[in-house]
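If you read the sequences in order, they're chains C and H. Letter by letter, the first sequence follows residues 363 to 572 of our numbering. Letter by letter, the second sequence follows residues 53 to 194 of our numbering. The block underneath contains the structure these notes are about, expressed in structure tokens.
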Amino acid sequence: MRNLTTLLTIAGLAVAGSSSLADTKPEASSPVIGKPAPDFALKDLAGNEVKLGSFKGKVVVLEWINPGCPFVQRSHSVGSLVDTAKRRMKDGVTWLAINSGAPGKQGADPAQNEEAVKKWSLPHPILRDATGTVGKAYGATNTPNMFVIDKTGKVVYAGAIDNSPDGEGKSPRGGKLVNYVDAALDDIAAGREVQTAVTRPYGCSVKYGS
Amino acid sequence: MARELLVLALVAATGGGGCSKSESAPAGKPLAGKAFYRIDAGPPAACASGSLCEARVVLTALGDYHVNKDYPFKFIGDPAATALEGVGDFTLDGARRGIMTLKFRPAAPGSAKVVGNFKLSVCSDETCEIESPRVELAVPVS
Numbered sequence: 363m364r365n366l367t368t369l370l371t372i373a374g375l376a377v378a379g380s381s382s383l384a385d386t387k388p389e390a391s392s393p394v395i396g397k398p399a400p401d402f403a404l405k406d407l408a409g410n411e412v413k414l415g416s417f418k419g420k421v422v423v424l425e426w427i428n429p430g431c432p433f434v435q436r437s438h439s440v441g442s443l444v445d446t447a448k449r450r451m452k453d454g455v456t457w458l459a460i461n462s463g464a465p466g467k468q469g470a471d472p473a474q475n476e477e478a479v480k481k482w483s484l485p486h487p488i489l490r491d492a493t494g495t496v497g498k499a500y501g502a503t504n505t506p507n508m509f510v511i512d513k514t515g516k517v518v519y520a521g522a523i524d525n526s527p528d529g530e531g532k533s534p535r536g537g538k539l540v541n542y543v544d545a546a547l548d549d550i551a552a553g554r555e556v557q558t559a560v561t562r563p564y565g566c567s568v569k570y571g572s
Numbered sequence: 053m054a055r056e057l058l059v060l061a062l063v064a065a066t067g068g069g070g071c072s073k074s075e076s077a078p079a080g081k082p083l084a085g086k087a088f089y090r091i092d093a094g095p096p097a098a099c100a101s102g103s104l105c106e107a108r109v110v111l112t113a114l115g116d117y118h119v120n121k122d123y124p125f126k127f128i129g130d131p132a133a134t135a136l137e138g139v140g141d142f143t144l145d146g147a148r149r150g151i152m153t154l155k156f157r158p159a160a161p162g163s164a165k166v167v168g169n170f171k172l173s174v175c176s177d178e179t180c181e182i183e184s185p186r187v188e189l190a191v192p193v194s
């Protein structure tokens, strides 16, 4: 009987533990923040190779994209990604979107990516990372997931595009919409340290192959 | 004997997380839904005219889907129906279920019509979906 009580107590603790773990939100973190940006060479949709190293001395924004993800669709059609790249590229920022979806996964089809470029008038290339090597090197977990690299080649921002996890900019946490990439780029332009360096990205998971 | 008890204990432990695929969906006709989710009316609570009343709407993710716990769930009330106070409070009840609590103050006894769009998101390993179905329920008011 004592054995039974002990075992049921263990089971009860395990049940309680599993549900509380499921409800715990992990703190925002990034394996690359403050470190040199992992270098890469990827091909755009036209087959041209793009090397991160060729943008040395420039501020670079990396945007993990999946045109099949509803959060990406909303961010580009009504949310914080509308025109942000266009505005910032005018200021000399380099903006690269990267699709790390494995072939056959949601949003990985090149035709769907080409259509997204036209539909959202993207002024920047979408680079294909079908093996997911680059995405994993940056610790990209979601689409959209944003990274800002400063002129020294260091990752100074990693996380969400904004604080409105509906992708529409209509439900900002704290009541005021904050575009974290805009804020980081403003900090860089003003010669300040990036005030919000890491946030937790929201949206779809990156559709890695394995 | 001890071994059987251990197995029983482990079964209880692993089955208690609230996200088992064998979890049954509610029966009956839902208020709204698709292949990957359904919305049902929660158990009715007593509601008197002139007082602050609550109505509950239950979201259940179906198949391989779970409730997207990061999504800002909202219920946008229809201005032509009973006026709601706020956009509702959403609480998770396991991985596959969530309850939206709506507050309103009916002016007269009878039936209060709660109508609006429930902005929700459910995900599977392969994809996430964002939906905004129209939901309508009648709440008896004493």
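All residues carry an ideal CB built from backbone N, CA and C; glycine is no exception.
Residues near residue i in its chain [Cβ-Cβ closer than 6 Å; skip 5 each side]
i         : result
Gly553(C) : none
Asp39(H)  : This structure cannot speak to residue 39(H), because chain H is shown only from 53 to 194.
Ser176(H) : Asp116 and Tyr117
Ala399(C) : Ile511, Gly515 and Val517
Arg436(C) : Gly529 and Glu530
Distance between residue j and residue i (C-alpha atoms, nearest Å)
i         : j         : result
Ala464(C) : Lys448(C) : 28 Å
Pro96(H)  : Ala79(H)  : 17 Å
Val422(C) : Pro487(C) : 13 Å
Gly150(H) : Glu411(C) : 46 Å
Leu172(H) : Lys452(C) : 36 Å
Lys387(C) : Pro161(H) : In this prediction, Lys387(C) scores a pLDDT of 48, lower than 50, which makes its location untrustworthy; no coordinate-derived value is stated.
Pro563(C) : Ala551(C) : 23 Å
Lys405(C) : Glu477(C) : 17 Å
Cys566(C) : Lys538(C) : 23 Å
Gly497(C) : Ser462(C) : 6 Å
Lys81(H)  : Ala159(H) : 29 Å
Gly571(C) : Thr503(C) : 13 Å
Leu458(C) : Glu106(H) : 48 Å
Ser194(H) : Ile128(H) : 25 Å
Leu111(H) : Ile91(H)  : 5 Å
Ser523(C) : Thr561(C) : In the sequence under discussion, the amino acid at residue 523(C) is Ile, which differs from the Ser named in the question. Whole-angstrom Cα-Cα distance: 9 Å.
Chain C within 7 Å of residue i, Cβ atoms only
i         : result
Ile43(H)  : An answer regarding residue 43(H) cannot be provided, because it is not within the stretch 53 to 194 covered by chain H.
Thr112(H) : no
Asp145(H) : no
Asp122(H) : yes
Thr179(H) : yes
Close Cβ partners of residue i (< 7 Å) along its chain, the five nearest in sequence each way excluded
i         : result
Lys121(H) : Leu144
Lys513(C) : Gly419, Lys420 and Val421
Check: residue i C-beta below 6 Å from any heavy atom of the ligand MG
i         : result
Ser173(H) : Among the ligands in the structure shown, none appear at all, so the ligand MG cannot be discussed.
Cut-off 8 Å between Cβ atoms - residues of its own chain near residue i, not counting five sequence neighbours on either side
i         : result
Ala190(H) : Ser163, Ala164, Lys165 and Val166
Assumed close pair residue i, residue j - CB separation to whole angstroms, cut-off 8 Å
i         : j         : result
Leu136(H) : Gly168(H) : 7 Å
Tyr542(C) : Val394(C) : About 16 Å; that fails the 8 Å criterion.
Val434(C) : Pro506(C) : 6 Å
Thr446(C) : Asp549(C) : Not confirmed; about 15 Å, so no contact.
Pro432(C) : Glu181(H) : 6 Å
Closer than 7 Å to chain H by CB, residue i
i         : result
Gln557(C) : no
Gln468(C) : yes
Ser533(C) : yes
Thr561(C) : no
Pro432(C) : yes
Pro527(C) : yes
TODO: Only counting runs of 3 or more residues, tell me where the beta strand (DSSP E) segments fall wholly within the stretch 446 to 501 of chain C, in order along the chain.
DONE: 456 to 461 and 488 to 490
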